[in-house]
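Chains as they are written, first to last, in the numbering used here: chain X, 1 to 301; chain A, 1001 to 1444.
Every residue gets a Cβ at the ideal spot worked out from N, C-alpha and C, and that includes glycine.
Beneath this line is the structure, given in structure tokens, with notes to follow.
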Amino acid sequence: MNLVWIATLSLGCIGAISAVILYFVAQKFKVYEDPRNEEVVKVLPGANCGGCGYPGCGGFAAACVKATSLEGMLCPVGGAPVMAKIAGILGMEVAEAAPKVAVVRCNGTCANRKKVNTYNGASNCAIEAALYSGETGCSFGCLGNGDCERACQFGAIHVNPETGLPEVDEELCTGCGACVKACPKMIIELRNKGPKSRRMFVCCVNKDKGAVARKACTAACIGCGKCAKECPFEAITVENNLAYIDFQKCKLCRKCEAVCPTGAIHSVNFPPRKPAEPKPEAPAQPAAPQSGTAAAPTAQA
Amino acid sequence: MLKTFRIGGVHPPENKLSAGQAIKTAELPKQAVIMLSQHIGAPAQAVVAKGDKVKVGTLLAQAGGFVSANIHSSVSGTVAKIDTAVDVAGFQRPAIYIDVEGDEWEESIDRNETLVKECNLDSKAIVERIKEAGIVGLGGATFPAHVKLTPPPGATATILIINAVECEPYLTADHQLMLEKGAEILVGTELLRKAINVERAVIGIENNKPDAIAHMKELAAAYPTIEICPLKVKYPQGGEKQLIDAVIRRQVPSGGLPIATGAVVQNVGTAFAVYEAVQKNKPLFERIVTVTGKSLAHPSNLKVRVGTPLSQLIDACGGLPEDTEKVISGGPMMGKAVVSTDTPTTKGCSGVLIIRDLESRRKEMTACIRCAKCIAACPMGLAPNTLMNATEHKDWERVEKEHVMDCIECGSCSFTCPAHRPLLDYVRMGKARVGAIIRSRNAK
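This is the structure we're talking about:
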């Protein structure tokens, strides 16, 4: 019987002493954590995609709580509604951030871009890109092995077997940028989704000289600069034989698309053009470009 | 017992179809296309302009940095344009186009075939001549020769090793060069030995070239400083690190330079080019290329001017066979499949290999059966299967920890894998990624 008492007492004493020590240690090394952190994490989608530029949702929440304003902070997956909730928790104003979408800047379909050799190595863009220029004469274009597809957590990008090019599902794309990082040819770009999802972009990244680019692909940008001359807003720059449309400056007037000799400039989600525009209307356009061009076709539709 | 390296290695079928074929001189091209980056390091800067008349041996482009090399004209004629040309990998790279007119050489080049043994230049002057002549490692890596001959501060060379291993299957260019130009190679070796101030030079030759070993031994009897070292046949013995291990039993430390073992390695073709540059004042503008393949009518060893299109070399050996599926620049193990046969020959092109329809295809990949054959085959003592797995999972920390940067990309792992897994492809990708990570870390 004695043995039981001794055991109980000694263990009880050890427990009591440890509890006291632990209590003081916990007080000494207490880390203050903002309780709002947890609330913000709860609101976030929990995809941990890293699209915001922070290491996962926890990192983004901590950054939001620390920040003085929410400007430049955006959860690409949750978008505006989630940012509004966060702003509510933190008592800050919502910063308007334009939603982004991934854009595949290559139109080298099987028809446009002829195969000149066959690749039968591992089906992985990064590996193929490290080995050589690719199956076609264009050393800048899409390889079509689907590294972007594998990188996407939202199933928003798929390689179309008919064209051999990836296609982005706008509804599903959150603009997290995982595919941008995965593409070894740097073809995919995050661009502003644009009003009514309408946007213009140069669907080519070929920096070869015009003749070389054209020989490799009929839809290539040949760097002729017609679009840059035509653009009333100086949104287009031509560098290294390649045109680029700055989506911050672009007013979606679609003039560049009309003059591009190879059709390398693409417009998305615009209604069909008017068959033949009456001439007197034309001079009015540069003055009120956005309403003039974007609205005119809508009216017709 | 014959010497060889101690870790790993494989023995691919040798297929030395062009062995014993005397070196023939290839015809001059109508237009030579001379790439401006034919070496590892910065591209050379063109010093000629469109319309300039050039002779054989005229300087076309100057080295664009310390690790770079001069480029000389291989033909005489007029510079047609300075533009881009498709390189072996299919990328557009700057190149000089020269329309060929006649074959007029620079007067400074001694075209006499007689052997010149004496050389009164000191080591610095020899290295300077080599640098001027634009000599790069002719084994295939095309590392500028003068850089290797200038050991970094703190390192001292104790031995010169001449790489005459030619472990790549099919290739016979070095073999034939030894048979025909053995005496010149030995003079070149002496010059290289003098350039780095060492007492001893060893020429390592694999045992599948008994005639070359006998021939070189006979000639080397006159040189007390040069030793001929026959080596057991094993791939990749021609790798710098493997050859050092085979000859002097020292291993290059992980991440270190070969000079850490005291050895300077130069290819046998480089030794011949050094002889020509120093004794005959002839810059590097031609090399021996093995044009071979099982389906090719006449596999041969050609003396080719740099800038000749590969298609012309293939035509000279019987034309491109109908069932060709792949043309490789270099050997079958480490060479690169070319995108177009219009690609010009470069200084580093040791062979043109025609692969038939059936041989070229990759076999279907199956699951890893954990047989560890790749680990046994890796000459650097790495675990290719682990590297491939870690690369697939993008676990770059693990890839780095497994010493991916030590991989010499010899392809022994892929060659030996019974499941036909693309081990090298993944390891190479991992190496590229980890290399980029290390560089960005060092930049910080």
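query: Straight-line Cα distance separating X:C253 from X:G292; result: At X:G292, the pLDDT of 37 sits below 50, so the modelled position is not reliable; the number obtained from the coordinates is stated separately. Cα to Cα, X:G292 sits roughly 8 Å from X:C253.
query: Option in A:Q1279, A:V1327, A:G1348 with minimal Cα separation from A:R1305; result: A:G1348
query: C-beta neighbour in chain A for X:N117, strict 7 Å; result: yes
query: Rounded separation between X:G46 and X:E96 - CA only; result: 22 Å
query: Proximity to A:T1004 [Cα-Cα], best of A:D1425, A:N1120, A:C1229; result: A:C1229
query: CB contact below 7 Å: X:A122 versus chain B; result: The structure shown contains no chain B; its protein chains are X and A.
query: Inter-residue CB distance, A:T1345 and A:V1404 (contact presumed, cutoff 8 Å); result: With a Cβ gap of about 32 Å, A:T1345 and A:V1404 do not count as contacting.
query: Chain-ordered residues of the stretch 184-213 of chain X with a beta carbon less than 8 Å from chain A; result: D208, K209, V212
query: Per-residue contacts from X:A19 into chain A (C-beta, under 9 Å); result: Within chain A, no residue comes near X:A19; the closest Cβ sits about 40 Å away, beyond 9 Å.
query: Proximity test, Cβ basis, 7 Å: A:R1362 and chain X; result: yes
query: Contact set for A:T1156: own chain, Cβ-Cβ below 8 Å, skip 5 residues either direction; result: G1262
query: Residue closest to A:L1382, alpha-carbon to alpha-carbon, out of A:E1400, A:T1366, A:A1221, A:E1392; result: A:E1400
query: Top-ranked residue by Cα proximity to X:K30, from X:L22, X:R36, X:N37; result: X:L22
query: Whole-number beta carbon distance between X:C138 and X:A220, since they are thought to touch under 8 Å; result: 7 Å
query: Inter-residue spacing [alpha-carbon to alpha-carbon] between X:A63 and X:C57; result: 10 Å
query: CB contact below 7 Å: X:A130 versus chain A; result: yes
query: The beta strand (DSSP E) enclosing A:I1437, as first and last residue numbers; result: Careful: A:I1437 lies outside any beta strand (DSSP E), inside the alpha helix (DSSP H) at 1423-1443.
query: Opening and closing residue of the beta strand (DSSP E) in which A:V1265 lies; result: 1263-1267
query: Any non-hydrogen atom of the ligand PLP within 6 Å of A:G1182 CB; result: The ligand PLP is not part of this structure, which contains no ligands at all.
query: Interface partners of A:Q1242 on chain X, CB under 8 Å; result: Chain X residues near A:Q1242: none, gap ~24 Å exceeds 8 Å.
query: Cut-off 7 Å between Cβ atoms - residues of its own chain near A:C1374, not counting five sequence neighbours on either side; result: P1384, N1385, C1413, T1416, C1417, L1423
query: Beta-carbon separation (whole angstroms), X:I127 vs A:D1425, contact threshold 8 Å; result: 5 Å
query: 6 Å Cβ shell around X:L74 - same chain, five flanking residues per side excluded; result: A97
query: Entirely enclosed beta strand (DSSP E) segments - the stretch 192-234 of chain X, minimum 3 residues; result: 199-202
query: Listed by chain order, chain A residues near X:G134 by CB distance under 8 Å; result: G1090
query: With 16 other Cβ atoms within 10 Å as the buried cut-off, status of X:V205; result: buried
query: Within the stretch 1321-1400 of chain A, ranges of the beta strand (DSSP E) (whole runs, at least 3 residues); result: 1324-1329, 1351-1356
query: Contact between the stretch 1184-1204 of chain A and the stretch 1307-1315 of chain A (3+ Cβ pairs under 8 Å); result: no
query: Proximity of A:L1160 and A:R1193 at Cβ, strictly below 7 Å; result: yes
query: Cutoff 7 Å: A:M1429 Cβ touching any chain X Cβ; result: yes
query: Cβ pair A:V1048, A:V1079 closer than 7 Å; result: yes
query: Within chain X, partners of A:P1422 - CB distance below 7 Å; result: G121, A122
query: Endpoints, beta strand (DSSP E) assigned at A:S1300; result: 1300-1305
query: Below-7 Å beta-carbon distance, A:I1096 vs any chain X residue; result: no
query: Residues bridged to A:E1166 (per DSSP); result: Answer is none; A:E1166 lacks a bridge partner.
query: Interface positions of the stretch 1328-1358 of chain A facing chain X (Cβ-Cβ less than 8 Å), listed along the chain; result: K1336, A1337, V1339, S1340
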